[in-house]
Amino acid sequence: MALVSVSLKSCSLLKLSAACLQVSRGAKTATVAAPAASRIKSFSIYRWDPDKPGDKPHMQTYEVDLNTCGPMVLDALIKIKNEMDSTLTFRRSCREGICGSCAMNINGDNSLACTTRIDTNTSKVSKIYPLPHMYVVKDLVPDLNNFYAQYKSIEPYLKKKDESNFGKEQFIQSIEDRDKLDGLYECILCACCSTSCPSYWWNADKYLGPAVLMQAYRWMIDSRDEFTEERLAKLQDPFSLYRCHTILNCTRTCPKGLNPGKAIAEIKKMMVTYKEKAAVRT
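All residue numbers for the sequence shown refer to the numbering used here, where the first residue is 4 and numbers rise by one.
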């Protein structure tokens with residue numbers, strides 16, 4: 004009889020435990036199922052469509068629930084385009100801060116939309132414009148033709164006096180010489196720095212700008228390149244290099260943490276030596 008009594012008690016305890024576990028699971032399910040409060044964020048975005056007769060640049064506001072959106076500004080733009088307004092136009096590609104396609108002015112700072120987090124303060128409106136002082140193709144898409152033409156003008160590739168061995172052997176470089184290129188080759192040509200520079204705003208047709216000058220310096224100090232003097236000679240006019248007034252907006256805004264201002268200062272130092280050598284020759 005004692006054994007039977009113990010067994011009955013055990014069964015009762017098991018049933019009670021199972022019932023408690025079921026109630027507990029039900030409570031958890033109810034908690035998860037409870038809808039989260041909406042977090043509506045307003046985005047004021049620059050709009051202009053050249054194909055619309057009479058359309059003028061204006062700001063258009065969209066409201067996005069941050070609970071159903073990724074954390075980056077690019078996530079919000081993609082959500083707006085996919086779910087609210089398919090006519091919104093912007094560039095994007097890698098979503099990892101590598102290609103530089105999604106460069107734009109976000110809340111007053113030039114940056115990459117894919118690496119800029121959304122300001123979660125829902126009482127503030129996030130304002131998004133194309134890169135400043137550039138011709139606009141449409142909405143958030145700037146015309147970068149002049150920027151890339153300037154980049155092409157510096158011949159951003161290895162140059163040798165004798166090109167007969169190109170493709171036949173490696174051009175060896177010491178570890179120390181390779182280290183000099185760190186902080187230069189990482190530039191993704193997003194144009195954030197150049198379009199933040201007041202000197203570039205006013206003289207974009209003549210002044211090469213921080214991004215292009217930093218790449219010019221990258222090839223000037225490459226130990227494998229043999230056209231350093233020729234590269235310096237191209238920058239002797241009053242505008243290509245010397246419109247830089249060390250404002251350093253370029254360094255502050257670079258999304259990759261590079262220092263174009265320092266590179267330009269180094270070119271100016273090299274230019275002094277170059278001019279001294281040229282004077283001796285003449």
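Backbone N, C-alpha and C fix where the C-beta goes; we use that ideal spot for every residue, glycine too.
Keep in mind the model is a prediction, meaning the values are calculated, not measured.
Kindly identify the DSSP beta-bridge partner or partners of D68. Beta-bridge pairing links D68 to I43.
Give the DSSP-derived three-state secondary structure of Y49 in the structure shown. In the three-state reduction of the DSSP assignment, Y49 falls in the strand class, which pools E and B.
Where A33 sits in the DSSP three-state scheme: Because A33 carries a pLDDT of 45, less than 50, the predicted location of this residue cannot be relied on, and no value is offered for it.
If you draw a straight line from the alpha carbon of Y210 to that of Q63, how long is it in whole angstroms? A straight-line Cα-Cα distance of about 34 Å links Y210 and Q63.
Does any heavy atom of the ligand SAH sit closer than 8 Å to the C-beta of M273? The model depicted lacks the ligand SAH and carries no ligand whatsoever.
Which of the three DSSP states is assigned to L1 in this structure? This structure cannot settle anything about residue 1, because the visible part of the chain is limited to 4 through 285.
Can you say whether N262 is buried or exposed, counting buried as having 16 or more other CB atoms within 10 angstroms of its CB? Looking at its Cβ environment, which holds 16 or more other Cβ atoms inside 10 Å, N262 is buried.
CA-to-CA distance, G170 to G186, given in whole angstroms: Distance between the alpha carbons of G186 and G170 is about 27 Å.
Are the CB atoms of F46 and V128 nearer to each other than 9 Å? It is a contact, given that the beta carbons lie within the stated cut-off.
Straight-line Cα distance separating N70 from A5: With a pLDDT of only 46 at A5, under 50, the local geometry of the prediction cannot be trusted, and the value read off the model is given with reservation. So the alpha carbons of these two residues sit roughly 60 Å apart.
Suppose the cutoff is 6 Å on Cβ atoms and the five residues either side in sequence are ignored; what does the same chain contact list for S114 look like? Excluding residues within five positions, the ones whose Cβ falls inside 6 Å are P258.
How big is the Cα-Cα spacing for M223 and S89? Cα to Cα, M223 sits roughly 45 Å from S89.
Report yes or no: do three or more beta-carbon pairs, one from the segment 220 to 240 and one from the segment 191 to 201, lie closer than 8 Å? No contact exists between the segment 220 to 240 and the segment 191 to 201.
Looking only at C-alpha atoms, which of P133, N149, A268 sits nearest to H248? The closest CA to that of H248, considering only P133, N149, A268, is found on A268.
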